[in-house]
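Colleague:
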Amino acid sequence: MTTTESRDTTTGTRGRTEIGAGINRVDGPLKVAGLAPYVNDFAPDNLCHGALVLSPIAAGRITGIDTAAAEAAPGVIAVLHHLNAPALADTSVKPPPPFQHTQISHRAQYLALVIAETAEQATDATRLVHVDYALTDPLVDPHDPRATPEEDIFGSDTDRGDPDAAFAVAEVVIDAVYTTAENTNNPLGLFATIAWWDGDNVTVRDATQGPAGTSTGLAKIFGLAPAAVRVLAPYLGGGFGAGLRVWPHIVATVMAARIVHRPVSVALTRPQMFTGIGHRPNSVQRLKIGALADGTITAVEHLSTITTAMHDNTFESVTDGTKSGYHFPNLRTRERQIRLNIPSAGAMRAPGEAPGNFALETGIDELAYALDLDPMDVRLRNYANVNPTNGFEWSSKALDECYSRGAELVGWRDRPREVGLLRDDNWRIGYGLAGVSFFWWQPPCTAEVTLRPDGTVLVQAATSDIGTGTYTVMGQLAAELLHVAVSAVTVELGDSAMATAAGAGGSGLTAALGNAVADACRQINERRGKSYAAMDSGQAVTAIGSSKPPDPAEVQLSPSGAFAARFAVVRVDADLGVIKVDRLVSVVDAGRVLNEKTARSQIVGGTVGGIGHALFEEALTDTDTGRVANATLADYLVPVNADVPPLEVEFVGSRDRYNGIGVKGVGEIGLVGVAAAIGNAIFHATGKRLRDIPFSLDRLL
Ligand code: MOS
31 MTTTESRDTT TGTRGRTEIG AGINRVDGPL KVAGLAPYVN DFAPDNLCHG
81 ALVLSPIAAG RITGIDTAAA EAAPGVIAVL HHLNAPALAD TSVKPPPPFQ
131 HTQISHRAQY LALVIAETAE QATDATRLVH VDYALTDPLV DPHDPRATPE
181 EDIFGSDTDR GDPDAAFAVA EVVIDAVYTT AENTNNPLGL FATIAWWDGD
231 NVTVRDATQG PAGTSTGLAK IFGLAPAAVR VLAPYLGGGF GAGLRVWPHI
281 VATVMAARIV HRPVSVALTR PQMFTGIGHR PNSVQRLKIG ALADGTITAV
331 EHLSTITTAM HDNTFESVTD GTKSGYHFPN LRTRERQIRL NIPSAGAMRA
381 PGEAPGNFAL ETGIDELAYA LDLDPMDVRL RNYANVNPTN GFEWSSKALD
431 ECYSRGAELV GWRDRPREVG LLRDDNWRIG YGLAGVSFFW WQPPCTAEVT
481 LRPDGTVLVQ AATSDIGTGT YTVMGQLAAE LLHVAVSAVT VELGDSAMAT
531 AAGAGGSGLT AALGNAVADA CRQINERRGK SYAAMDSGQA VTAIGSSKPP
581 DPAEVQLSPS GAFAARFAVV RVDADLGVIK VDRLVSVVDA GRVLNEKTAR
631 SQIVGGTVGG IGHALFEEAL TDTDTGRVAN ATLADYLVPV NADVPPLEVE
681 FVGSRDRYNG IGVKGVGEIG LVGVAAAIGN AIFHATGKRL RDIPFSLDRL
731 L
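Count along the sequence shown starting at 1, add 30, and that's the number in the working numbering.
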């Protein structure tokens, strides 16, 4: 199926809709008209506002805090800090909850929350909070001799075969260091939280990607039953992974509402979005590839070091894609993290995969040129026909088709393979390729579906649609399975009181929630088949469906994530080093596609993120002060329209055999492989190999 031109089928006008149809997002009109209620659009009665006081130092401790002037300022109701914060039931959670002690472990750590009648009054009074500090020398630079790498805290290290013996007899060895920059998620929608208590129950509006998880997390911190913490997140202005954790500002808001006995709203400022909701950590990767002259890769060693906050861990499995992406018989992978006085990291679209793929797919390109082989042929020669991590056949894998179709679209075989031959005036033109094998992820999930006697359907689940199209595709799925029109189905999400569901993360929600919805629909159809009487008598039928992925060993299949081939055509100005991306072709095996249009949008959006990852995005920490030096959207560069060519997207493959409804997630794969494809194209254009992203002009000149 092809979606280069997305078909603009509108919903609701037909009696039935087929799964796969590229119907518009059902929440589109609400969003365009400004009617979708985001956190900040709510103003419960008696609402007051909080503003955060941030640490100006990266390491040390608080020796005194004077809040008298702030408390006396106009409109100020209270100032919350470590001396008056309510006791928490569990302070061991990560990231650490705010206001628990005097220790300061990163710049922009929250030291106090000023609560006032208006946001302006609260912000104004933050300047009147006087804090005394005892400074210690911050550890901010990963090259600092005090920085010690911690090994493998998530049990990721892999040893397969005998890489040393294989390297010793390899005919060629590529050995290089690749680095990737720290990136910020920074969704357009500023993260905000509104909390209010009713006795020992609290309601929280938040920009979370998983209301169920945030409810559970807050319940643990405050020592409450999960049912006592209701989290609402029907709409959020993007997340890219930032909404997957219970951040300190959320905890602070809930604390504040308890103290002032009023609803409290806290909205992060744009600079606070750079320090308070995670980031993609930077990475330093050493990749060694040994091969035979025909391109058969015989040994790989992939060592990754990332940076992490002093009191937090970062799950960023940079070497994951190397373990399963190819048939590497002899492999050693190592993951280390270095603790620094920096803010917490978190998941950012394709965590681990995006930086790891950059190194691996650049290294394979280097190998191909060293052997004078076509980079696509080297990839096909080392193709993993079974998942090398468990030996099982893939439940679906059309990566070979991704390569062949992409090559056809971009004219891969027609290009001269030699570097530096293609020119247009002062431009050097080059072609680059990257393969992508995305990880599989599917958490357990439930969903509640109700079929009413009038034939309308309600689907509910405690997850969020972060802009991916979950409201739409779940409606399509329920409509098809219950034999009603899409317009007859209403999908409600974003309330932790609904059926417990997975968060929107890890590209796993469509599979997890989709199978739960399918299970609920199956139950309804079964009951409907047994007793038409019940329906006729005017009774609604409700079922709670659940999905839990089977054990791969039981089904003897390796559950597959999506696969993709990315082809880039770039031009580089020979004098100025200006890089223009002329074409970006993505061919994706996403299993069965529920909605061509929303799936394509995910790839397009992810690819724009990938262009940022490759060419622009770099959050810079000042190694003296630990300050994020470019924490504004003016200084942190992202792609603009002029940087993005028309993006070509096609889907290949067919339904996945492991997944009940046959789908594979596409939320993240759009970002992966773009950096390597562009870098490889730059090499083909110029003969200059870039191993550090972003590929800024100074790196190219
Ligand atoms: Mo994501 S980084 O799974 O929102």
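Ideal Cβ positions, reconstructed from N, Cα and C, are used throughout, including at glycine.
This one's a predicted model, so the numbers in the text were calculated from it and none came from an experiment.
Tell me the DSSP bridge mates of S684?
Modeller: According to DSSP, which records beta bridges pairwise, S684 is partnered with nothing at all.
Colleague: Given this structure, state the Cα-to-Cα distance separating A531 from D167, to the nearest angstrom.
Modeller: In this structure, the alpha-carbon of A531 lies about 44 Å from that of D167.
Colleague: Could you check what DSSP says for A649 in three-state terms: helix, strand or coil?
Modeller: For A649, the three-state secondary structure derived from DSSP is coil.
Colleague: Compute the minimum distance between the beta carbon of F270 and the heavy atoms of ligand 1, and state whether it is under 7 Å.
Modeller: yes
Colleague: Count the C-beta pairs between the stretch 659 to 666 and the stretch 534 to 547 that are closer than 8 Å, then say yes if the count reaches three, no if not.
Modeller: no
Colleague: Since N555 is in the alpha helix (DSSP H), which residue starts that stretch and which ends it?
Modeller: L539 to K560
Colleague: For the candidate residues D686, I712 and R137, whose alpha-carbon lies nearest to that of A428?
Modeller: D686
Colleague: Could you tell me the distance, in whole angstroms, from the CA atom of V696 to the CA atom of I183?
Modeller: 28 Å
Colleague: Using 8 Å as the Cβ pair cut-off and three pairs as the minimum, do the stretch 102 to 111 and the stretch 141 to 159 touch?
Modeller: yes
Colleague: Tell me whether P193 is buried or exposed, calling it buried when 16 or more other Cβ atoms sit within 10 Å of its Cβ.
Modeller: buried
Colleague: What number of angstroms, rounded off, separates the C-alpha of L65 from the C-alpha of E180?
Modeller: 48 Å
Colleague: If you measure between the beta carbons of R613 and A594, is that distance less than 8 Å?
Modeller: no
Colleague: One question on the structure: do A142 and M285 come within less than 8 Å of each other, judged by their Cβ atoms?
Modeller: no
Colleague: I'd like to check one pair, L218 with G759: are the Cβ atoms closer than 8 Å?
Modeller: Past the boundaries of the shown model lies residue 759; the chain is included only from 31 to 731, so the question cannot be answered.
Colleague: By how many angstroms is the C-alpha of T480 removed from the C-alpha of T419?
Modeller: 41 Å
Colleague: Using 8 Å for Cβ pairs, my map puts R445 next to Y461. What's the rounded Cβ distance?
Modeller: 5 Å
Colleague: Answer yes or no: the CB of A377 versus the heavy atoms of ligand 1, is any distance below 7 Å?
Modeller: With a threshold of 7 Å, the Cβ atom of A377 counts as near ligand 1, since some heavy atom of the ligand is closer than that.
Colleague: Just to confirm, does G219 get its C-beta within under 7 Å of one of the non-hydrogen atoms of ligand 1?
Modeller: Not so, every heavy atom of ligand 1 lies at least 7 Å from the Cβ.
Colleague: With A98 as the anchor, note down where its beta strand (DSSP E) starts and where it stops.
Modeller: It is not in any beta strand (DSSP E) - A98 instead sits in the alpha helix (DSSP H) that spans A98 to A102.
Colleague: Nearest CA to the CA of L262: which residue from F252, I280 and R137?
Modeller: Of the candidates F252, I280 and R137, the residue whose Cα lies closest to the Cα of L262 is I280.
Colleague: At the level of alpha carbons, what is the spacing between V702 and Y688?
Modeller: 23 Å
Colleague: Is the beta carbon of G536 within less than 7 Å of some heavy atom of ligand 1?
Modeller: True, at least one ligand heavy atom lies under 7 Å from that Cβ.
Colleague: Which stretch, first to last residue, makes up the alpha helix (DSSP H) that contains R5?
Modeller: Outside the modelled stretch of the chain, which goes from 31 to 731, sits residue 5, for which no answer is possible.
Colleague: To the nearest angstrom, report how far apart C551 and F681 are at their CA atoms.
Modeller: Going from the Cα of C551 to the Cα of F681 covers about 27 Å.
Colleague: Could you say which of A707, A119 and K250 lies nearest to V440 if we only look at CA atoms?
Modeller: A707
Colleague: Do E698 and R379 count as a contact pair if the criterion is CB distance below 8 Å?
Modeller: yes
Colleague: Count Cβ pairs between the stretch 472 to 490 and the stretch 616 to 634 that sit closer than 8 Å; are there 3 or more?
Modeller: no
Colleague: What is the C-beta distance between I87 and R137, in whole angstroms, given that I count them as a contact (C-beta under 8 Å)?
Modeller: 7 Å
Colleague: Measure the C-alpha to C-alpha separation of E556 and V487 and round it to an integer number of angstroms.
Modeller: Spanning the alpha carbons of E556 and V487 requires a straight line of approximately 16 Å.
Colleague: What residues are listed by DSSP as bridge partners for Y140?
Modeller: L84
Colleague: Report the start-end ranges of each alpha helix (DSSP H) in the stretch 244 to 284 that is 4 residues or longer and not cut off at the edges.
Modeller: none
Colleague: Would you say the beta carbon of P67 comes nearer than 7 Å to a heavy atom of ligand 1?
Modeller: no
Colleague: Leaving out five residues on either side along the sequence, give the residues of the same chain with a beta carbon under 6 Å from the beta carbon of I459.
Modeller: L452, R601 and A715
Colleague: Which value, in whole angstroms, describes the spacing of the CA atoms of T34 and V330?
Modeller: Low per-residue confidence applies at T34: pLDDT is 32, beneath 50, and the placement is therefore not dependable enough to give any value.
Colleague: With a threshold of 7 Å (Cβ to nearest heavy atom), would P381 be considered close to ligand 1?
Modeller: yes
Colleague: Check for me: the beta strand (DSSP E) holding E365 runs from which residue to which?
Modeller: Unbroken beta strand (DSSP E) run through E365: L361 to L370.
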